[in-house]
Amino acid sequence: MKRKVTIEMIAQDAGVSKMTVSRALNSPEKLKKSTLIKILNSMKKYEYKPRFVARILAGSRSNTFGFVVKSNEDFIIPPFYGECIRGASDWFKKQNYRSMIFNMADEHSSSLFIDYVNSGLIDGLILFEGTHQESLLKALKDNDIPVVLVGEDPGEVYDFYSVSSDNYNGAKMAAEYLISKGSHEICYITGTGTKPSVAERLRGYMDAVRKHGLKAVTVSVENTLRGGMKAVEQLIKEHPGFDGLFCFSDLIAIGALRGLRKKGFDIPRDIRVIGFDNIHISEYVFPSLTTVSQDMSLMGEIAAKTLLQIMGETIPDSFEKHLKLPTRLIIRESA
Numbered sequence: 003m004k005r006k007v008t009i010e011m012i013a014q015d016a017g018v019s020k021m022t023v024s025r026a027l028n029s030p031e032k033l034k035k036s037t038l039i040k041i042l043n044s045m046k047k048y049e050y051k052p053r054f055v056a057r058i059l060a061g062s063r064s065n066t067f068g069f070v071v072k073s074n075e076d077f078i079i080p081p082f083y084g085e086c087i088r089g090a091s092d093w094f095k096k097q098n099y100r101s102m103i104f105n106m107a108d109e110h111s112s113s114l115f116i117d118y119v120n121s122g123l124i125d126g127l128i129l130f131e132g133t134h135q136e137s138l139l140k141a142l143k144d145n146d147i148p149v150v151l152v153g154e155d156p157g158e159v160y161d162f163y164s165v166s167s168d169n170y171n172g173a174k175m176a177a178e179y180l181i182s183k184g185s186h187e188i189c190y191i192t193g194t195g196t197k198p199s200v201a202e203r204l205r206g207y208m209d210a211v212r213k214h215g216l217k218a219v220t221v222s223v224e225n226t227l228r229g230g231m232k233a234v235e236q237l238i239k240e241h242p243g244f245d246g247l248f249c250f251s252d253l254i255a256i257g258a259l260r261g262l263r264k265k266g267f268d269i270p271r272d273i274r275v276i277g278f279d280n281i282h283i284s285e286y287v288f289p290s291l292t293t294v295s296q297d298m299s300l301m302g303e304i305a306a307k308t309l310l311q312i313m314g315e316t317i318p319d320s321f322e323k324h325l326k327l328p329t330r331l332i333i334r335e336s337a
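This note's numbering puts the sequence shown at residues 3 to 337.
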């Protein structure tokens, strides 16, 4: 059986201390060239490959950042998360950092995530709106884990850095556009839960329709294609005269388009439909989806840059801690 090589063996062979070997692994630039060469030669002689976890225990950073997401009931990660992760991952790669995704779909997944955090295998985290419990935020704050929230403003309780979109004005803009196109009964298919975006988009819709003296009609569903189809069935039964439809997300809107077309409605002649997010597929469905665009890739990139600045303690005093990006209306065929 091959003898296990230890850091003590390398230190003894090279004639240095274990601390010096550890420094060679984690901060080689701090050693004299001659000392580093001796240690590297000993490692080569014994075919020593330092374990990643051992390096972390020795005090080195993992150079790894985590994304915390949450899949829906079909175990599908919403496109919003994916677009943000792409923007952040691209930036991390440019800086030679690694990243990994944690799906908080169930208790087992949450437990695994906590193990990684407690083991020091993650240097920092990007958390997405709706993926976490308040207890998790408290634990991260108590353990000084660098965190940036994407999609929500955490308020004053935990005061993490955050990047989000102007959900209120985006929703208000969508409803105002439907009204300007002549829709008189505009329904809103909203999401579920207590996420800030759910509340803000609902508020924007309500303010717009009330301003024009119109009746507000809302249906709450899960953020899925199936949710959009179910909501349309309910609206047709309970509010058969609606002629405008605003949806919490593009996923819901695309499901709603499918449901309306199955019932024989012509879009946008009979009912105008608007989504929210501007995911890639929204341009390619039929009819192409009018939607409120939030720059998800940019949000991810900003979150990544912010996290690295926090780690390096290089946040300037003028930096906006809770950044809110503007939204814009993308007009296509559905409205």
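Don't be surprised by glycine CBs; every beta carbon is placed ideally from N, CA and C.
May I have the straight-line CA-CA distance separating residue i from residue j, to the nearest angstrom?
i    : j    : result
I283 : F104 : 24 Å
E131 : V287 : 26 Å
N43  : K6   : 18 Å
R271 : K264 : 15 Å
H324 : K143 : 17 Å
Y83  : V71  : 7 Å
K32  : F94  : 25 Å
I273 : E202 : 24 Å
Y99  : E322 : 24 Å
V200 : G193 : 6 Å
S101 : K239 : 47 Å
D146 : P289 : 48 Å
S91  : Q296 : 18 Å
Q311 : K217 : 47 Å
S36  : K46  : 15 Å
Taking a contact to mean a Cβ-Cβ separation below 8 Å, would you say residue i touches residue j in this structure?
i    : j    : result
G277 : L291 : yes
N280 : P80  : no
F162 : L309 : no
I269 : S336 : yes
Out of the options, which has the shortest C-alpha to C-alpha gap to residue i?
i    : options                : result
G195 : R88, S19, V221         : V221
K96  : F82, N65, K72          : N65
A305 : R212, S36, K46, L151   : L151
S299 : L327, P289, K183       : L327
G266 : S182, E235, S251, E285 : E235
S185 : S164, G215, G193       : G215
K213 : E335, K47, S182        : S182
K307 : G89, A107, D297        : G89
Y50  : E85, K35, M11          : M11
Y48  : G193, K217, Q14        : Q14
L227 : K239, S251, K217       : S251
A107 : D92, S101, S73         : S73
Who are the near neighbours of residue i in its chain, counting only those whose CB is closer than 6 Å to its CB and skipping five residues on each side?
i    : result
F69  : I87, I103, I128
E154 : E131, S166, P198
A210 : K174, A177, E178
A16  : K40, I41, S44
A233 : I191, V221, V223
I9   : K20, V23
L180 : I188, G246, R274
E85  : M298, S299
E285 : none
Could you name the residues of the same chain whose beta carbon sits closer than 8 Å to that of residue i, not counting the 5 residues immediately before and after it, in chain order?
i    : result
C189 : V219, T220, V221, L237, H241, F244, G246, L247, F248
G230 : I191, V223, C249, L253, I254, A255, I256, G257, A258, L259, R260, G261
V294 : G172, A173, M175, A176, I276, G277, F278, D279, N280, T329, R330, L331, I332
V18  : T37, K40, I41
Using a Cβ-Cβ cut-off of 7 Å (strictly less than) and excluding sequence neighbours within five positions of residue i, which residues of its own chain qualify?
i    : result
I333 : T292
M313 : D125, G126, P148
A26  : L33, L38, I41
Please confirm if the segment 199-215 is in contact with the segment 159-171, defined as three or more CB-CB distances below 8 Å between the two stretches.
yes
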